[in-house]
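Chemist: Before I ask anything, here is the structure I am working with.
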Amino acid sequence: MGILIVDDNQVNLFVIENILKRAGYKDYLSFTSARDLFEYLNADNPSSPRMPVDIILMDIMMPEIDGIEACRTLQTIPHLKDIPVIFVTALEDSNKVAEALDAGGLDYVMKPINKTELLARIRVVLRLKQEKDKNKKQAEKIRSQLDLSQQVQNSLLSEPIFDERFTVKASYIPAYKLAGDMYYWYKIDKSRYAVILLDMMGHGISASLVCMFISSVLRDSIRGCSDPEFVISELNRWMHALNLRNQQIPYYFTAIYLVIDTEEKTLEYVNAGHPAGFALVDEGEVVELSNRTCALGFFEKVDIKKTTISYEDSVQIMLYTDGVVETMEKVGMNQYPLFIKSASKLWDLPTIPEPIHLVLPEDMQKEASDDMCVVLIQAR
1488 MGILIVDDNQ VNLFVIENIL KRAGYKDYLS FTSARDLFEY LNADNPSSPR
1538 MPVDIILMDI MMPEIDGIEA CRTLQTIPHL KDIPVIFVTA LEDSNKVAEA
1588 LDAGGLDYVM KPINKTELLA RIRVVLRLKQ EKDKNKKQAE KIRSQLDLSQ
1638 QVQNSLLSEP IFDERFTVKA SYIPAYKLAG DMYYWYKIDK SRYAVILLDM
1688 MGHGISASLV CMFISSVLRD SIRGCSDPEF VISELNRWMH ALNLRNQQIP
1738 YYFTAIYLVI DTEEKTLEYV NAGHPAGFAL VDEGEVVELS NRTCALGFFE
1788 KVDIKKTTIS YEDSVQIMLY TDGVVETMEK VGMNQYPLFI KSASKLWDLP
1838 TIPEPIHLVL PEDMQKEASD DMCVVLIQAR
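Read the sequence shown against the numbering used here and you will find it ends at 1867, with the numbers running on by one and no gaps.
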(Lines of atoms letter the chains of each structure in order from A and count residues from 1; the text may use other names and numbers.)
(Lines give C-alpha, C1' and ligand atoms only; values in the text may rest on other atoms or scores of the structure.)
Protein backbone atom coordinates (compact mmCIF):
# COMPACT_ATOMS: atom_id res chain seq x y z
CA MET A 1 0.00 0.00 0.00
CA GLY A 2 2.02 2.99 -1.24
CA ILE A 3 1.14 6.48 0.03
CA LEU A 4 2.88 9.69 -1.07
CA ILE A 5 2.66 12.85 1.06
CA VAL A 6 3.32 16.29 -0.46
CA ASP A 7 3.54 19.37 1.77
CA ASP A 8 6.05 22.23 1.97
CA ASN A 9 5.72 22.29 5.76
CA GLN A 10 7.95 19.77 7.56
CA VAL A 11 5.74 19.81 10.66
CA ASN A 12 2.69 18.78 8.63
CA LEU A 13 4.70 16.00 7.02
CA PHE A 14 5.79 14.75 10.44
CA VAL A 15 2.18 14.77 11.75
CA ILE A 16 0.82 12.82 8.76
CA GLU A 17 3.72 10.34 8.82
CA ASN A 18 3.14 9.72 12.52
CA ILE A 19 -0.60 9.11 11.96
CA LEU A 20 0.10 6.64 9.15
CA LYS A 21 2.80 4.85 11.13
CA ARG A 22 0.57 4.41 14.20
CA ALA A 23 -2.24 3.14 11.92
CA GLY A 24 0.01 0.38 10.59
CA TYR A 25 0.94 1.86 7.20
CA LYS A 26 4.57 1.15 6.32
CA ASP A 27 4.99 2.17 2.68
CA TYR A 28 4.87 5.94 2.57
CA LEU A 29 7.18 8.68 1.32
CA SER A 30 7.17 12.44 1.86
CA PHE A 31 8.04 15.30 -0.51
CA THR A 32 8.30 19.02 0.14
CA SER A 33 7.26 20.09 -3.36
CA ALA A 34 5.18 18.93 -6.33
CA ARG A 35 8.33 19.07 -8.45
CA ASP A 36 9.98 16.43 -6.23
CA LEU A 37 6.79 14.35 -6.49
CA PHE A 38 6.84 14.36 -10.30
CA GLU A 39 10.54 13.54 -10.34
CA TYR A 40 9.87 10.50 -8.16
CA LEU A 41 6.89 9.40 -10.26
CA ASN A 42 8.92 9.63 -13.47
CA ALA A 43 6.23 11.82 -15.02
CA ASP A 44 8.01 11.79 -18.38
CA ASN A 45 8.46 8.02 -18.36
CA PRO A 46 5.57 5.53 -18.33
CA SER A 47 7.73 2.93 -16.55
CA SER A 48 6.61 2.12 -13.02
CA PRO A 49 7.94 4.24 -10.14
CA ARG A 50 10.12 2.65 -7.47
CA MET A 51 7.15 2.00 -5.19
CA PRO A 52 3.59 1.31 -6.43
CA VAL A 53 1.50 4.36 -5.54
CA ASP A 54 -2.06 3.88 -4.28
CA ILE A 55 -2.83 7.37 -3.00
CA ILE A 56 -1.37 10.90 -2.79
CA LEU A 57 -1.99 13.23 0.17
CA MET A 58 -1.29 16.74 -1.11
CA ASP A 59 -1.34 20.24 0.33
CA ILE A 60 -3.13 22.87 -1.76
CA MET A 61 -0.96 25.91 -0.96
CA MET A 62 2.66 25.25 -2.00
CA PRO A 63 5.34 27.42 -3.67
CA GLU A 64 6.19 27.04 -7.39
CA ILE A 65 3.56 24.41 -8.20
CA ASP A 66 0.51 24.41 -5.93
CA GLY A 67 -1.56 21.31 -5.23
CA ILE A 68 -4.32 22.20 -7.69
CA GLU A 69 -1.91 22.69 -10.58
CA ALA A 70 -0.08 19.49 -9.64
CA CYS A 71 -3.36 17.56 -9.63
CA ARG A 72 -4.30 18.94 -13.05
CA THR A 73 -0.91 17.85 -14.36
CA LEU A 74 -1.42 14.35 -12.97
CA GLN A 75 -4.71 14.11 -14.87
CA THR A 76 -2.90 14.75 -18.17
CA ILE A 77 -0.38 11.93 -17.72
CA PRO A 78 -1.86 8.57 -18.78
CA HIS A 79 0.12 6.38 -16.37
CA LEU A 80 -0.52 8.72 -13.40
CA LYS A 81 -4.06 10.01 -13.89
CA ASP A 82 -5.70 7.14 -12.00
CA ILE A 83 -3.77 7.76 -8.76
CA PRO A 84 -6.33 9.18 -6.28
CA VAL A 85 -5.51 12.49 -4.59
CA ILE A 86 -6.72 13.66 -1.17
CA PHE A 87 -6.07 17.34 -0.51
CA VAL A 88 -4.87 18.32 2.96
CA THR A 89 -5.45 22.04 3.44
CA ALA A 90 -5.86 24.84 5.95
CA LEU A 91 -7.92 26.87 3.47
CA GLU A 92 -11.48 27.56 4.52
CA ASP A 93 -12.35 29.06 1.14
CA SER A 94 -15.04 26.72 -0.22
CA ASN A 95 -14.45 27.98 -3.77
CA LYS A 96 -10.79 26.98 -3.57
CA VAL A 97 -11.70 23.57 -2.20
CA ALA A 98 -14.24 23.12 -5.03
CA GLU A 99 -11.55 24.11 -7.54
CA ALA A 100 -9.24 21.48 -6.07
CA LEU A 101 -11.88 18.76 -6.38
CA ASP A 102 -12.70 19.86 -9.93
CA ALA A 103 -9.00 19.55 -10.76
CA GLY A 104 -9.23 15.82 -10.02
CA GLY A 105 -9.04 15.46 -6.26
CA LEU A 106 -11.28 12.77 -4.78
CA ASP A 107 -11.57 14.20 -1.26
CA TYR A 108 -10.06 16.69 1.19
CA VAL A 109 -9.13 16.96 4.87
CA MET A 110 -8.90 20.23 6.79
CA LYS A 111 -5.97 21.27 8.96
CA PRO A 112 -5.37 20.88 11.85
CA ILE A 113 -5.60 17.24 10.88
CA ASN A 114 -8.04 15.01 12.70
CA LYS A 115 -6.49 11.54 12.87
CA THR A 116 -9.78 9.63 12.76
CA GLU A 117 -11.10 11.67 9.83
CA LEU A 118 -7.88 11.36 7.80
CA LEU A 119 -7.67 7.58 8.20
CA ALA A 120 -11.37 7.15 7.37
CA ARG A 121 -11.04 9.20 4.19
CA ILE A 122 -7.92 7.25 3.19
CA ARG A 123 -9.81 3.96 3.65
CA VAL A 124 -12.74 5.20 1.54
CA VAL A 125 -10.51 6.42 -1.29
CA LEU A 126 -8.45 3.23 -1.24
CA ARG A 127 -11.64 1.15 -1.51
CA LEU A 128 -12.66 3.24 -4.51
CA LYS A 129 -9.24 2.75 -6.08
CA GLN A 130 -9.32 -1.00 -5.51
CA GLU A 131 -12.72 -1.19 -7.16
CA LYS A 132 -11.53 0.98 -10.04
CA ASP A 133 -8.40 -1.17 -10.49
CA LYS A 134 -10.56 -4.29 -10.47
CA ASN A 135 -12.88 -2.83 -13.12
CA LYS A 136 -9.88 -1.72 -15.18
CA LYS A 137 -8.41 -5.24 -15.16
CA GLN A 138 -11.79 -6.68 -16.10
CA ALA A 139 -12.14 -4.17 -18.94
CA GLU A 140 -8.65 -5.09 -20.19
CA LYS A 141 -9.59 -8.77 -20.07
CA ILE A 142 -12.79 -8.12 -22.03
CA ARG A 143 -10.88 -5.95 -24.52
CA SER A 144 -8.35 -8.74 -25.02
CA GLN A 145 -11.15 -11.26 -25.60
CA LEU A 146 -12.83 -8.90 -28.05
CA ASP A 147 -9.55 -8.45 -29.93
CA LEU A 148 -9.22 -12.22 -30.22
CA SER A 149 -12.85 -12.55 -31.34
CA GLN A 150 -12.28 -9.82 -33.91
CA GLN A 151 -9.26 -11.69 -35.28
CA VAL A 152 -11.33 -14.88 -35.53
CA GLN A 153 -14.19 -13.09 -37.27
CA ASN A 154 -11.86 -11.31 -39.70
CA SER A 155 -10.21 -14.63 -40.53
CA LEU A 156 -13.59 -15.87 -41.81
CA LEU A 157 -13.74 -13.11 -44.41
CA SER A 158 -12.54 -14.10 -47.87
CA GLU A 159 -9.38 -12.68 -49.40
CA PRO A 160 -9.74 -10.79 -52.72
CA ILE A 161 -9.64 -12.86 -55.90
CA PHE A 162 -7.86 -11.56 -59.01
CA ASP A 163 -8.33 -14.36 -61.53
CA GLU A 164 -8.09 -13.80 -65.27
CA ARG A 165 -11.87 -13.87 -65.78
CA PHE A 166 -13.12 -13.13 -62.26
CA THR A 167 -12.27 -10.45 -59.73
CA VAL A 168 -13.86 -9.70 -56.34
CA LYS A 169 -12.90 -7.32 -53.55
CA ALA A 170 -14.63 -5.89 -50.46
CA SER A 171 -14.58 -3.13 -47.86
CA TYR A 172 -15.57 -4.11 -44.34
CA ILE A 173 -16.10 -1.45 -41.65
CA PRO A 174 -17.67 -2.68 -38.38
CA ALA A 175 -19.48 -0.18 -36.17
CA TYR A 176 -17.79 -1.81 -33.18
CA LYS A 177 -14.98 -4.35 -32.86
CA LEU A 178 -17.36 -7.14 -33.83
CA ALA A 179 -19.90 -6.93 -36.63
CA GLY A 180 -23.02 -8.56 -38.03
CA ASP A 181 -22.01 -8.09 -41.67
CA MET A 182 -20.21 -10.89 -43.45
CA TYR A 183 -19.07 -11.70 -46.96
CA TYR A 184 -17.73 -14.93 -48.40
CA TRP A 185 -16.83 -16.26 -51.82
CA TYR A 186 -15.80 -19.65 -53.07
CA LYS A 187 -14.39 -20.94 -56.35
CA ILE A 188 -16.69 -23.87 -57.15
CA ASP A 189 -14.77 -25.09 -60.19
CA LYS A 190 -12.65 -23.61 -62.97
CA SER A 191 -15.45 -21.33 -64.25
CA ARG A 192 -17.99 -20.92 -61.42
CA TYR A 193 -17.78 -18.68 -58.37
CA ALA A 194 -20.18 -18.33 -55.44
CA VAL A 195 -20.43 -14.97 -53.63
CA ILE A 196 -22.61 -14.01 -50.66
CA LEU A 197 -23.07 -10.82 -48.65
CA LEU A 198 -25.23 -11.00 -45.54
CA ASP A 199 -26.30 -8.62 -42.79
CA MET A 200 -27.30 -10.04 -39.40
CA MET A 201 -29.86 -8.19 -37.31
CA GLY A 202 -28.14 -5.72 -34.98
CA HIS A 203 -24.39 -5.40 -34.49
CA GLY A 204 -21.78 -6.06 -31.84
CA ILE A 205 -21.07 -9.26 -29.93
CA SER A 206 -24.41 -11.08 -30.24
CA ALA A 207 -24.78 -10.38 -33.97
CA SER A 208 -21.19 -11.46 -34.64
CA LEU A 209 -21.62 -14.76 -32.78
CA VAL A 210 -24.74 -15.66 -34.75
CA CYS A 211 -22.97 -14.50 -37.90
CA MET A 212 -20.05 -16.86 -37.24
CA PHE A 213 -22.51 -19.72 -36.69
CA ILE A 214 -24.16 -18.99 -40.05
CA SER A 215 -20.71 -18.73 -41.64
CA SER A 216 -20.02 -22.35 -40.72
CA VAL A 217 -23.39 -23.47 -42.13
CA LEU A 218 -22.77 -21.43 -45.27
CA ARG A 219 -19.44 -23.05 -46.08
CA ASP A 220 -20.84 -26.55 -45.70
CA SER A 221 -23.89 -25.69 -47.81
CA ILE A 222 -21.98 -24.13 -50.71
CA ARG A 223 -19.49 -26.99 -50.88
CA GLY A 224 -22.35 -29.50 -50.87
CA CYS A 225 -24.49 -27.79 -53.51
CA SER A 226 -23.86 -24.23 -54.69
CA ASP A 227 -27.30 -23.66 -56.27
CA PRO A 228 -28.72 -20.34 -54.95
CA GLU A 229 -32.11 -21.80 -54.05
CA PHE A 230 -30.56 -24.66 -52.09
CA VAL A 231 -28.03 -22.49 -50.22
CA ILE A 232 -30.60 -19.86 -49.22
CA SER A 233 -33.02 -22.60 -48.14
CA GLU A 234 -30.34 -24.19 -45.95
CA LEU A 235 -29.39 -20.88 -44.35
CA ASN A 236 -33.04 -20.19 -43.56
CA ARG A 237 -33.49 -23.68 -42.10
CA TRP A 238 -30.55 -23.29 -39.74
CA MET A 239 -31.43 -19.74 -38.76
CA HIS A 240 -35.04 -20.71 -38.02
CA ALA A 241 -33.86 -23.73 -36.00
CA LEU A 242 -31.62 -21.47 -33.93
CA ASN A 243 -34.58 -19.18 -33.24
CA LEU A 244 -36.68 -22.14 -32.09
CA ARG A 245 -34.02 -22.97 -29.49
CA ASN A 246 -33.75 -19.36 -28.34
CA GLN A 247 -37.20 -17.81 -28.46
CA GLN A 248 -36.31 -14.78 -26.31
CA ILE A 249 -34.40 -12.96 -29.07
CA PRO A 250 -35.44 -13.99 -32.59
CA TYR A 251 -32.57 -13.36 -34.98
CA TYR A 252 -32.81 -12.91 -38.71
CA PHE A 253 -30.57 -11.74 -41.51
CA THR A 254 -30.75 -10.47 -45.06
CA ALA A 255 -28.53 -11.87 -47.77
CA ILE A 256 -27.78 -11.71 -51.46
CA TYR A 257 -26.17 -14.82 -52.89
CA LEU A 258 -24.81 -15.16 -56.42
CA VAL A 259 -23.32 -17.87 -58.59
CA ILE A 260 -21.36 -16.51 -61.56
CA ASP A 261 -20.40 -18.83 -64.41
CA THR A 262 -17.69 -17.27 -66.59
CA GLU A 263 -17.97 -20.04 -69.17
CA GLU A 264 -21.76 -20.03 -69.59
CA LYS A 265 -21.77 -16.23 -69.10
CA THR A 266 -24.56 -16.32 -66.52
CA LEU A 267 -25.30 -14.74 -63.17
CA GLU A 268 -27.78 -16.53 -60.90
CA TYR A 269 -28.82 -14.86 -57.67
CA VAL A 270 -31.30 -14.83 -54.81
CA ASN A 271 -31.89 -11.62 -52.87
CA ALA A 272 -33.40 -12.42 -49.47
CA GLY A 273 -34.57 -9.10 -48.02
CA HIS A 274 -31.24 -7.44 -48.79
CA PRO A 275 -30.69 -3.98 -50.31
CA ALA A 276 -30.72 -4.28 -54.10
CA GLY A 277 -27.34 -4.67 -55.75
CA PHE A 278 -26.51 -3.33 -59.20
CA ALA A 279 -25.05 -5.14 -62.21
CA LEU A 280 -23.53 -3.43 -65.25
CA VAL A 281 -24.18 -5.89 -68.08
CA ASP A 282 -21.86 -5.77 -71.11
CA GLU A 283 -20.82 -2.19 -70.22
CA GLY A 284 -24.29 -0.96 -71.14
CA GLU A 285 -27.41 -1.50 -69.07
CA VAL A 286 -27.39 -1.28 -65.25
CA VAL A 287 -29.67 -3.99 -63.84
CA GLU A 288 -31.03 -3.83 -60.30
CA LEU A 289 -30.59 -7.07 -58.34
CA SER A 290 -33.87 -6.59 -56.52
CA ASN A 291 -35.26 -8.28 -53.43
CA ARG A 292 -37.75 -11.05 -54.27
CA THR A 293 -37.37 -13.27 -51.19
CA CYS A 294 -38.03 -12.39 -47.54
CA ALA A 295 -35.29 -12.13 -44.90
CA LEU A 296 -34.10 -15.44 -43.45
CA GLY A 297 -34.95 -16.90 -40.05
CA PHE A 298 -38.55 -15.74 -39.64
CA PHE A 299 -40.34 -18.75 -41.11
CA GLU A 300 -39.71 -22.46 -41.42
CA LYS A 301 -40.34 -22.30 -45.17
CA VAL A 302 -39.70 -19.34 -47.46
CA ASP A 303 -40.68 -18.76 -51.07
CA ILE A 304 -37.29 -18.51 -52.77
CA LYS A 305 -37.17 -16.77 -56.14
CA LYS A 306 -34.01 -17.18 -58.19
CA THR A 307 -33.15 -14.79 -61.02
CA THR A 308 -30.79 -15.50 -63.92
CA ILE A 309 -29.00 -12.81 -65.94
CA SER A 310 -27.02 -13.61 -69.07
CA TYR A 311 -24.18 -11.52 -70.47
CA GLU A 312 -22.12 -11.74 -73.64
CA ASP A 313 -18.85 -10.09 -72.68
CA SER A 314 -18.74 -8.90 -69.08
CA VAL A 315 -20.72 -8.19 -65.95
CA GLN A 316 -19.78 -5.84 -63.12
CA ILE A 317 -21.62 -6.07 -59.78
CA MET A 318 -21.88 -3.81 -56.74
CA LEU A 319 -23.30 -5.17 -53.45
CA TYR A 320 -23.61 -3.37 -50.11
CA THR A 321 -25.28 -3.58 -46.69
CA ASP A 322 -27.89 -1.22 -45.28
CA GLY A 323 -25.32 0.47 -43.02
CA VAL A 324 -23.93 2.15 -46.15
CA VAL A 325 -27.39 3.39 -47.15
CA GLU A 326 -28.15 4.69 -43.64
CA THR A 327 -24.85 6.56 -43.46
CA MET A 328 -25.39 8.14 -46.88
CA GLU A 329 -28.84 9.31 -45.78
CA LYS A 330 -27.41 10.67 -42.53
CA VAL A 331 -24.93 12.89 -44.38
CA GLY A 332 -27.57 14.07 -46.86
CA MET A 333 -26.53 12.02 -49.89
CA ASN A 334 -29.15 10.77 -52.35
CA GLN A 335 -27.96 7.18 -52.41
CA TYR A 336 -29.84 5.69 -55.36
CA PRO A 337 -28.40 7.98 -58.10
CA LEU A 338 -24.95 7.60 -56.56
CA PHE A 339 -25.16 3.81 -56.62
CA ILE A 340 -26.31 3.89 -60.26
CA LYS A 341 -23.51 6.30 -61.17
CA SER A 342 -20.84 4.22 -59.41
CA ALA A 343 -22.17 0.94 -60.81
CA SER A 344 -22.26 2.26 -64.39
CA LYS A 345 -18.55 3.14 -64.45
CA LEU A 346 -15.93 0.56 -65.34
CA TRP A 347 -13.63 -0.14 -62.40
CA ASP A 348 -10.01 -1.14 -62.23
CA LEU A 349 -10.43 -3.21 -59.07
CA PRO A 350 -6.75 -3.92 -58.32
CA THR A 351 -6.10 -0.16 -58.10
CA ILE A 352 -9.08 0.65 -55.83
CA PRO A 353 -7.81 0.72 -52.20
CA GLU A 354 -11.28 0.46 -50.65
CA PRO A 355 -14.46 -0.30 -52.66
CA ILE A 356 -16.59 1.73 -50.24
CA HIS A 357 -14.84 4.91 -51.42
CA LEU A 358 -16.77 4.63 -54.69
CA VAL A 359 -20.01 5.51 -52.88
CA LEU A 360 -19.01 7.04 -49.54
CA PRO A 361 -15.99 9.35 -49.04
CA GLU A 362 -13.70 8.43 -46.18
CA ASP A 363 -14.42 11.60 -44.18
CA MET A 364 -18.15 10.71 -44.12
CA GLN A 365 -17.65 7.12 -42.98
CA LYS A 366 -17.15 8.25 -39.38
CA GLU A 367 -20.86 9.13 -39.26
CA ALA A 368 -21.76 5.44 -39.47
CA SER A 369 -23.72 3.91 -36.59
CA ASP A 370 -24.09 0.49 -38.23
CA ASP A 371 -21.72 -1.99 -39.83
CA MET A 372 -20.87 -1.18 -43.45
CA CYS A 373 -19.76 -3.48 -46.24
CA VAL A 374 -19.33 -3.02 -50.00
CA VAL A 375 -18.46 -5.86 -52.41
CA LEU A 376 -17.34 -5.27 -56.01
CA ILE A 377 -17.28 -8.09 -58.58
CA GLN A 378 -16.13 -8.24 -62.20
CA ALA A 379 -16.56 -11.27 -64.47
CA ARG A 380 -15.55 -11.72 -68.11
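For each residue, glycine too, the CB sits at the ideal point set by N, CA and C.
1) Roughly how far, in whole angstroms, is the beta-carbon of residue 1730 from the beta-carbon of residue 1789, given that I think they are within contact range, below 8 Å?
2) How big is the Cα-Cα spacing for residue 1743 and residue 1649?
3) Counting Cβ pairs closer than 8 Å, one from the region 1687-1698 and one from the region 1769-1780, do we hit at least three?
4) From the DSSP output, which residues share a beta bridge with residue 1656?
5) Just the Cα atoms here: how many angstroms apart are residue 1669 and residue 1686?
6) Curious, which full-length beta strand (DSSP E) runs of at least 3 residues does the region 1624-1692 contain?
7) Taking the CB atoms as reference points, tell me whether residue 1739 and residue 1785 lie closer together than 8 Å.
8) Just the C-alpha distance for residue 1674 and residue 1681, rounded to the nearest angstrom, thanks.
9) Quickly, what does DSSP pair residue 1766 with across the bridge? List them, please.
10) Does DSSP classify residue 1814 as helix, strand or coil?
11) For residue 1813, which residues from the same chain have a beta carbon less than 6 Å from its beta carbon, with the 5 sequence-adjacent residues on both sides left out?
12) Put residue 1796 into one of helix, strand or coil per three-state DSSP.
13) Going by DSSP, what residues sit across from residue 1546 in a beta bridge?
14) Is the beta carbon of residue 1518 sitting closer than 8 Å to the one on residue 1491?
15) Give me the Cα-Cα distance between residue 1820 and residue 1661, rounded to the nearest whole angstrom.
16) Just verifying my parser: in three-state terms, what is the DSSP assignment at residue 1501?
17) With distances taken Cα to Cα, identify the nearest neighbour of residue 1828 among 1766, 1618, 1728, 1548.
18) Below 8 Å between beta carbons: does that hold for residue 1572 and residue 1558?
19) Looking at C-alpha atoms only, which residue of 1496, 1600, 1562, 1566 is the closest neighbour of residue 1589?
20) Report the rounded CA-to-CA distance for residue 1689 versus residue 1791, giving the unit in angstroms.
21) Applying the criterion that 16 or more other CB atoms from any shown protein chain within 10 Å of the CB defines a buried residue, is residue 1749 buried or exposed?
22) Determine the burial state of residue 1653: buried for a count of at least 16 other Cβ atoms within 10 Å of its Cβ, exposed for fewer.
23) Would you please state the rounded distance, in angstroms, between the beta carbons of residue 1546 and residue 1582? I believe it to be under 8 Å.
24) Given that a residue counts as buried once 16 or more other Cβ atoms are within 10 Å of its Cβ, and exposed if not, what is residue 1509?
25) Please check the pair residue 1440 and residue 1797, which I expect to be a contact at CB under 8 Å, by giving their CB distance rounded to whole angstroms.
26) Residues bridged to residue 1462 by DSSP?
27) Cutting at 8 Å between CB atoms, please list the residues of its own chain near residue 1720, excluding the five before and the five after it.
28) Do residue 1520 and residue 1549 have their C-beta atoms within less than 8 Å of each other?
29) Helix, strand or coil for residue 1597, going by three-state DSSP, please let me know.
30) Suppose the cutoff is 7 Å on Cβ atoms and the five residues either side in sequence are ignored; what does the same chain contact list for residue 1782 look like?
31) Count the other CB atoms within 10 Å of the CB of residue 1629; is the residue buried (16 or more) or exposed (fewer)?
32) Where DSSP assigns a beta bridge to residue 1492, which residues make up the other side?
33) Hey, how far is the Cα of residue 1619 from the Cα of residue 1543?
34) Is the Cβ-Cβ distance between residue 1805 and residue 1863 less than 8 Å?
35) Determine the DSSP secondary structure at residue 1747, reduced to helix, strand or coil.
36) Pop quiz: residue 1861 and residue 1843 are said to be a contact at Cβ under 8 Å. What is the actual Cβ separation, rounded to whole angstroms?
Modeler: On the basis of the supplied data:
1) Contact flag wrong, Cβ pair sits at about 13 Å.
2) 21 Å
3) no
4) 1863
5) 7 Å
6) 1653-1660, 1668-1674, 1679-1687
7) yes
8) 6 Å
9) 1774, 1804
10) helix
11) 1857
12) strand
13) 1575
14) yes
15) 21 Å
16) helix
17) 1766
18) yes
19) 1562
20) 24 Å
21) buried
22) buried
23) Contact flag wrong, Cβ pair sits at about 17 Å.
24) exposed
25) The structure shown does not extend to residue 1440, since the chain is modelled only from 1488 through 1867, so no value can be given for it.
26) Outside the shown range of the chain, which is 1488 to 1867, sits residue 1462, and nothing can be said about it.
27) 1789, 1791
28) yes
29) strand
30) 1739, 1740, 1741, 1759, 1760
31) exposed
32) 1517, 1544
33) 16 Å
34) yes
35) strand
36) 4 Å
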